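Participant: So the protein sequences, as listed, match chains A and B.
Read left to right, the first sequence gives residues 1 to 136 (the UniProt record's numbering).
Read left to right, the second sequence gives residues 1 to 404 (the UniProt record's numbering).
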Amino acid sequence: MAYSDKVIDHYEHPRNVGRMDDKSDNVGTGMVGAPACGDVMRLQIQVNDDGLIEDAKFKTYGCGSAIASSSLLTEWVKGKSIDEAEQIKNTAIAEELALPPVKIHCSVLAEDAIKAAVKSIRDKRGQAADDVQEAG
Amino acid sequence: MKLPIYLDYSATCPVDPRVASKMAEQMTMEGNFGNPASRSHLYGWKAEEAVEDARRQVAELVNADPREIVWTSGATESDNLAIKGAAHFYQGRGKHIITSKIEHKAVLDACRQLEREGFEVTYLNPREDGIVYPEQVEEALREDTVLVSLMHVNNEIGVINDIAAIGEICRAKKVIFHVDAAQSAGKLPIDLAEMKVDLMSFSGHKVYGPKGVGALYVRRKPRVRIEAQVHGGGHERGMRSGTLPTHQIVGMGEAFRIAREEMASENERLLMLRNRFWDQIKDMEEVHINGSVEQRVVGNLNVSFAFVEGESLIMSLKDLAISSGSACTSASLEPSYVLRALGVNDEMAHSSLRFSFGRFTTESDVDTAASEVRKAVEKLRELSPLWDMYKDGIDLNSIEWAAH
């Protein structure tokens with residue numbers, strides 16, 4: 001199967017590979033997919049108090065398109081607010097990477113990953129706010 | 001070194017140069033171009049002679065009578081002719097067929113077709129080692145069983161079935177026994193004078209012959225009957241009509257002759273190469289061979305590299321021509337049905353690679369391949385969240401994954 005140059009570039013030089021401390025209050029983690037289906041993405045975002053994504057890291061088990069989709073996503077979300085990041089659509093990822101139809105699910109997974117990461121940071125902060133109230 | 005390094009001999013083989021030169025002599029005006037069925041002139045007679053020489057060469061490899069060899073277009077046609085041909089001919093006796101879940105699609109799809117025609121098919125599940133045991137066949141036999149079709153060697157995992165023992169069981173019950181030997185001919189000794197096999201499929205291109213030609217062995221004593229699937233000029237004793245492609249047939253004959261003469265020394269060399277390859281990767285963590293190691297042809301190694309996905313692994317290994325059990329390239333997202341039937345979980349099936357070594361594989365090929373594989377697996381594990389989890393001691397089965 002022929003991959004686009006962009007997929008190959010991200011696959012060979014993945015950006016922002018790594019992991020963050022999931023326990024940190026500033027880190028949101030989105031883990032999506034399933035090993036049995038052949039792809040699992042873990043996307044982590046470090047969010048400041050203003051809701052801006054200061055850093056993003058990923059690790060992905062999956063095909064080249066899945067790895068490229070998540071690598072591209074980390075580039076896109078850095079510097080965005082979590083509200084903006086949440087709006088990223090899979091179609092934009094698929095278009096940027098010129099994914100063939102059988103690989104569209106990789107971009108869907110990437111969209112799911114950022115949504116899950118944002119939800120995780122919101123949950124944490126909601127939880128933290130509750131904690132403060134309880135303590136008060 | 002020619003790149004990518006070819007390690008996919010189970011898919012197909014390059015034609016041996018000795019075969020290619022023989023084939024080239026069968027085509028032009030100066031060569032042996034005649035129609036073997038032409039009885040009225042020298043060109044036909046010479047072509048017929050070449051075809052009969054090749055028939056003898058194929059028969060000799062498996063200790064059969066040349067009259068028991070029927071030319072076909074390949075193992076797929078041979079499987080179809082054997083299974084549908086025997087089922088149709090003997091359907092008066094019963095309509096039950098036994099095969100296994102890990103057969104080649106040519107067998108499985110032929111059986112599916114017979115199911116649509118009213119036959120009942122039992123698909124045996126191999127054990128964890130990939131082998132279908134004779135007692136499983138014995139247990140599945142019924143009063144109305146007419147045909148058992150099992151492969152000698154599996155194409156994905158290279159595991160060997162004991163067809164001699166299964167043949168005894170079938171013969172005792174007067175059930176026709178078909179064996180797909182596409183992956184075993186020229187790799188394992190086959191003695192059809194001894195083995196109680198009634199029908200056997202062969203492929204030309206898996207034995208360094210050309211593509212587009214194969215053969216079906218049809219036993220004469222006791223006589224086995226099949227119904228033709230292709231009708232026409234009554235070639236091949238009416239079992240398979242169509243003008244015989246002399247060049248293909250001569251190529252297959254020469255390929256089988258070479259296989260007979262060189263099999264023993266070639267197997268020794270291939271085993272050495274496979275061991276050399278495996279020795280360079282076996283110390284990696286979580287690397288598993290799929291299927292029996294002992295009861296396996298020497299040219300095959302099917303390995304799962306846990307926590308990395310097969311297609312991305314292949315993408316990293318662009319200097320190697322290999323196959324993956326991950327079907328991520330297909331729309332279904334289903335991994336190898338063979339590995340699944342062995343009880344290999346989906347994740348490990350997605351992580352599998354098949355290396356198949358052959359006549360033109362060198363020591364430096366396997367050394368390069370092993371070092372490339374190590375590098376790629378290490379790189380992808382660095383990228384893999386599953387590897388992190390494994391290293392953290394998390395049991396992946398304990399997690400509720402959202403299937404998608």
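All residues carry an ideal CB built from backbone N, CA and C; glycine is no exception.
The structure displayed is predicted, hence computed values, not measured ones.
1. With DSSP as the reference, identify every bridge partner of residue 188 (chain B), one or two as the case may be.
2. Round the Cβ separation of residue 36 (chain B) and residue 48 (chain B) to the nearest angstrom and send it over; I've been treating them as touching at under 8 Å.
3. Can you tell me which of the three DSSP states residue 405 (chain B) falls into?
4. Suppose you measure from the CA of residue 81 (chain B) to the CA of residue 114 (chain B); what does that come to, to the nearest Å?
5. Apart from the five residues just before and just after residue 97 (chain B), which ones in its own chain have a Cβ nearer than 8 Å to its Cβ?
6. When we look at the beta-carbon of residue 362 (chain B) and count the other beta-carbons within 10 Å, is it buried (16 or more) or exposed?
7. Residue 309 (chain B) and residue 351 (chain B): beta carbons closer than 8 Å?
8. Buried or exposed for residue 145 (chain A), please, with buried defined as at least 16 other CB atoms from any protein chain shown within 10 angstroms of its CB.
9. Using alpha carbons as the reference points, say which of B:64, B:245, B:128 and B:62 lies closest to residue 289 (chain B).
10. Within its chain, find whatever has a CB closer than 6 Å to the CB of residue 42 (chain A); leave out the 5 residues flanking it on each side and keep chain order.
11. Compute the beta-carbon to beta-carbon distance between residue 369 (chain B) and residue 7 (chain B), rounded to the nearest angstrom, for a pair I have assumed lies under 8 Å.
12. Could you confirm whether any beta carbon from chain B is found closer than 8 Å to the beta carbon of residue 22 (chain A)?
13. For a test of the three-state rule: what should DSSP assign to residue 88 (chain A), helix, strand or coil?
14. In chain order, which continuous runs of the alpha helix (DSSP H) of length 4 or greater are located wholly inside the stretch 45-124 of chain B?
15. Please identify the residue among B:153, B:175 and B:77 whose C-alpha is closest to the C-alpha of residue 92 (chain B).
16. If you measure from the beta carbon of residue 405 (chain B) to each beta carbon in chain A, is any gap under 8 Å?
17. Output the boundary residues of the beta strand (DSSP E) element that contains residue 140 (chain B).
18. Return yes when the Cβ of residue 259 (chain B) is within less than 8 Å of the Cβ of residue 186 (chain B), no when it is not.
19. Could you give the distance in angstroms between the alpha-carbon of residue 85 (chain B) and the alpha-carbon of residue 34 (chain A)?
20. For a test of the three-state rule: what should DSSP assign to residue 356 (chain B), helix, strand or coil?
21. Would you please state the rounded distance, in angstroms, between the beta carbons of residue 247 (chain B) and residue 23 (chain B)? I believe it to be under 8 Å.
22. Using 8 Å as the limit for Cβ to Cβ distance, is residue 62 (chain A) near chain B?
23. Give the secondary structure of residue 51 (chain A) by DSSP, where H, G and I count as helix, E and B as strand, and everything else as coil.
24. Assuming residue 383 (chain B) contacts residue 17 (chain A) under a Cβ cut-off of 8 Å, what Cβ separation, rounded to an integer in Å, is found between them?
25. Determine whether the Cβ of residue 405 (chain B) lies closer than 8 Å to any Cβ atom of chain A.
26. Using the C-alpha atoms, what's the distance from residue 202 (chain B) back to residue 11 (chain B)?
27. With a threshold of 7 Å on Cβ separation, who are the neighbours of residue 298 (chain B) within its own chain once the five nearest residues in sequence on each side are excluded?
28. Does any CB atom of chain B fall closer than 8 Å to the CB of residue 38 (chain A)?
29. At a CB distance below 8 Å, what residues from the stretch 49-81 of chain A approach chain B? Give them in sequence order.
30. Do the stretch 22-29 of chain A and the stretch 44-51 of chain A make contact, defined as three or more Cβ pairs closer than 8 Å?
31. Is DSSP giving residue 26 (chain B) helix, strand or coil here?
32. If you measure between the beta carbons of residue 153 (chain B) and residue 131 (chain B), is that distance less than 8 Å?
33. Locate the alpha helix (DSSP H) running through residue 275 (chain B), then write down its first and last residues.
34. Determine the contact status of residue 172 (chain B) and residue 58 (chain B), defining contact as a CB-CB distance below 8 Å.
35. Under 8 Å Cβ-Cβ, which residues of chain B neighbour residue 117 (chain A)?
36. Would you mind telling me which residues of chain B sit closer than 9 Å to residue 17 (chain A), beta carbon to beta carbon, in chain order?
Facilitator: Put simply:
1. Residue pairing by DSSP places residue 188 (chain B) opposite B:185 in a beta bridge.
2. 4 Å
3. Since the first and last residues shown for chain B are 1 and 404, residue 405 (chain B) lies out of range.
4. Their Cα atoms are separated by approximately 12 Å.
5. 83, 87, 111, 114, 119, 120, 121, 122, 145, 146, 147, 148 and 149
6. Exposed: under 16 other Cβ atoms inside 10 Å.
7. yes
8. Outside the displayed span of chain A (1 to 136) sits residue 145 (chain A), for which this structure offers no information.
9. B:128
10. Hits under 6 Å: 31 and 59.
11. 6 Å
12. Taking Cβ atoms only, chain B never reaches closer than 8 Å to residue 22 (chain A), which makes this a no.
13. coil
14. 75-90 and 105-116
15. B:175
16. There is simply no residue 405 (chain B) to check, as chain B begins at 1 and stops at 404 in what is shown.
17. That residue, residue 140 (chain B), is in no beta strand (DSSP E); its alpha helix (DSSP H) goes 134-140.
18. yes
19. 44 Å
20. Residue 356 (chain B): strand per DSSP, three-state reduction.
21. Contact between residue 247 (chain B) and residue 23 (chain B) is confirmed by a C-beta separation of about 5 Å, below the 8 Å threshold.
22. yes
23. coil
24. 6 Å
25. Summary: the structure shown does not reach residue 405 (chain B), with chain B confined to residues 1 through 404, and so no result is reported for it.
26. 14 Å
27. Only 267, 270, 271 and 274 meet the Cβ criterion.
28. yes
29. 59, 60, 61, 62, 63, 64, 66 and 67
30. Touching, yes.
31. coil
32. Contact flag unset, no.
33. 246-279
34. no
35. Those do not exist, as residue 117 (chain A) stays about 13 Å from chain B at its closest Cβ, beyond 8 Å.
36. 382 and 383
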